[in-house]
Amino acid sequence: MNRKTVFGVVCLLAAMVNVSFAEDAGKPASVLVDATKTKDIKAYCIDFNWGGRRRLARPGQFGNTDPAAHLAWYKMLGVNVIQTFCVSTNGYAWYKNGFVPAQPGLKHDFLPEMVKLGHKEGMLVMGYFTIGCNPRWGAEHPELSYPLKPNEGSYHIPYTDEYLDFLSKSISDAVRKTGIDGFMLDWVWQPKRTTHYPGQVRTVKHKWLASEKKLYKQLTGQEFPGEDKLTKKQDLAYSRKAIDRCWKAIRKAAKNANPKCIIWLTSNHMNHPHVAGSDMYKETDWLMNEKGDIKSINKVKATVGKHTRLITCLARWNGQDATKIVPEALKADIGLYGFSVPARKSAKDLAKLLARPVSELRGDDRNMASLARAYNGAAMDTVRNDKGQFVKLPKDSAKPKMKE
């Protein structure tokens, strides 16, 4: 080639590269991380939902959380999937200038920043919605929500047209604006139609809302028979229709916003008659058993989609033995996930925890320590040293000292 030809080729290649970068820059960040290439699901969530025992976090309670420090903790744990929040259970969002009001006093544009940081590390970043609970929305629409006490978390929202419209817009907005790879769906259940009074042994049972009676007729074609005449068969048929319609609205909103968006359903009662064998189980991308036992997962395996990834959960509330569940899940090609409260979630705290043998830990500490070993490809009988390596601890030696 002569000089002019070489120069022309170089210019053409440069132009092609610039076009490629320009195309990528215009895409949601989630498109740039291919979820299908995530062979093993190694996930965790620092849970902003709860601010105290059985009480929802106050709006803005964790709003000053630093995304960089947050990412450092997840990186040390060894995750390849971060589950954080689009809208936490108190009804406020974790990103700014969105359809849903942000957590009051939110210091950082938290979710988009977590997406950028996670994607730089090759991690998927997932959001979260609590479907059957949104105290902020319920307070603004009392005619469409059963009453809640302050800071109470419960299933209180019927899936009316108005609520599904709000939910669809919330999901579309979060998927389009934040670049998340997907989101977890929690509490996809029918309303309990009760109000629990904390500290008191009483629960008030409410009559059906007029708006839900209207929904009953809309879905079944029959007038609501009355609380005292509603049969279990009628209630089951209505409940399945209501949940199915809600699911279809969620899926449409997510996939229209980004066809690659992962929808991750968690269930604390996988075989509940309201959801067992449903289209939701067949169509969801990821399905998790929050109770954590592998037996419950095996019971629904035949009813999920061919593409559906199965996950188990380790959390203090479900009481599973992490040292048994983790190897069992790995052997069965089931993904792993855990969650716990935000307290003591700095990288420094985690380093101290991982320097201790799993055998001497309990509760959430034992779960985190067990998952960290699995996520980093280390054996359960190892500890993390001050170089960040998991090493076997000789039976009669002292624990390795951590640098402060």
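Just so we're aligned, residue -4 is where the sequence shown starts under my numbering, counting upward by one.
The beta-carbon is built from N, C-alpha and C at its ideal position, and this holds for glycine as well.
Using the Cα positions of residue i and residue j, report the straight-line distance between them to the nearest angstrom.
| i | j | result |
| --- | --- | --- |
| N75 | P220 | 50 Å |
| M118 | K209 | 44 Å |
| M375 | A350 | 12 Å |
| A249 | S167 | 6 Å |
| A405 | T84 | Nothing in the structure corresponds to residue 405, since the chain is present only between -4 and 399. |
| A232 | S273 | 12 Å |
| H201 | Q384 | 56 Å |
| A97 | F57 | 12 Å |
| K70 | T79 | 14 Å |
| R240 | Y276 | 13 Å |
| S365 | P99 | 35 Å |
| N129 | L388 | 47 Å |
| K286 | P352 | 25 Å |
| D288 | A310 | 11 Å |
| K390 | M283 | 37 Å |
| T261 | K228 | 25 Å |
| V299 | L214 | 25 Å |
| D156 | D360 | 43 Å |
| H302 | D280 | 7 Å |
| D35 | L225 | 45 Å |
| G127 | G148 | 10 Å |
Taking residue i as part of the beta strand (DSSP E), name the residues at either end of that continuous run.
| i | result |
| --- | --- |
| A38 | 37 to 41 |
| S335 | 330 to 335 |
| R379 | 377 to 379 |
| Y123 | 119 to 125 |
| D360 | That residue, D360, is in no beta strand (DSSP E); its alpha helix (DSSP H) goes 358 to 370. |
| Q78 | 76 to 78 |
| W45 | 45 to 47 |
| L423 | A query on residue 423 cannot be resolved here, the shown segment of the chain reaching from -4 to 399 and no further. |
| K200 | 198 to 200 |
| H191 | 189 to 191 |
| V386 | 385 to 387 |
| F178 | 177 to 181 |
Just to confirm the assignment, what range does the alpha helix (DSSP H) spanning residue i have?
| i | result |
| --- | --- |
| S165 | 156 to 173 |
| Q213 | 205 to 215 |
| Y69 | 62 to 72 |
| H114 | 105 to 115 |
| K343 | 342 to 349 |
| W132 | 130 to 135 |
Taking the beta carbon of residue i as the centre, do at least 16 other beta carbons fall within 10 Å, making it buried, or is it exposed?
| i | result |
| --- | --- |
| P153 | buried |
| V199 | exposed |
| L325 | exposed |
| P446 | Not covered by the structure: residue 446. The range shown for the chain is -4 to 399. |
| K115 | exposed |
| T125 | buried |
| Y158 | buried |
| R197 | exposed |
| N44 | buried |
| Y192 | exposed |
| G358 | exposed |
| G21 | Model confidence at G21 stands at a pLDDT of 37, short of 50, so the residue's coordinates are unreliable and nothing is read from them. |
| E207 | buried |
| R48 | exposed |
| Q315 | buried |
| E218 | exposed |
| K172 | buried |
| P186 | buried |
| P137 | exposed |
Measuring alpha carbon to alpha carbon, tell me which of the options ends up nearest residue i.
| i | options | result |
| --- | --- | --- |
| N59 | G73, W89, A244, D376 | W89 |
| R50 | N146, D42, K91 | N146 |
| Y123 | C256, T318, Q229, A64 | C256 |
| E222 | D104, V353, A205, H191 | A205 |
| K347 | A327, W242, R188, D381 | D381 |
| G46 | S335, L345, A38 | S335 |
| W184 | G333, K236, E278 | K236 |
| I258 | D328, M179, E207 | M179 |
| W415 | I292, L139, L112, W182 | An answer regarding residue 415 cannot be provided, because it is not within the stretch -4 to 399 covered by the chain. |
| H151 | P268, S165, D160, W182 | W182 |
| L72 | L282, A252, Y332, L356 | Y332 |
| V95 | C81, R379, P186, D360 | C81 |
| T318 | K102, T155, M265, A367 | A367 |
| K243 | I175, E278, Y87 | E278 |
| F105 | G127, I175, R246 | I175 |
| H103 | I320, G133, T215, H65 | H65 |
| R188 | Q217, T173, P142, T226 | P142 |
| F161 | P186, Q217, V170, W132 | W132 |
| F169 | H269, G216, N251, V386 | Reading off the sequence shown, one finds Ala at residue 169, where the question assumed Phe. Ranking the options by Cα distance to A169, first place goes to N251. |
| M247 | S341, S165, K91, P186 | Here the sequence assigns Lys to residue 247, which means Met is not the residue at that position. Here the closest residue by C-alpha is S165. |
| N266 | K290, N253, P254 | K290 |
Does the beta-carbon of residue i, which I'm using as the reference point, lie nearer than 8 Å to any heavy atom of the ligand SAM?
| i | result |
| --- | --- |
| R357 | Judged by which ligands are present, the structure shown has none, so any question about the ligand SAM falls away. |
Can you confirm whether residue i, when its beta carbon is compared against all beta carbons of chain B, has any partner nearer than 9 Å?
| i | result |
| --- | --- |
| L345 | The structure shown has no chain B; it contains just one protein chain. |
Enumerate, from N- to C-terminal direction, the unbroken beta strand (DSSP E) stretches of 3 or more residues contained entirely within the segment 233 to 318.
The qualifying runs are 257 to 262, 281 to 284, 304 to 309.
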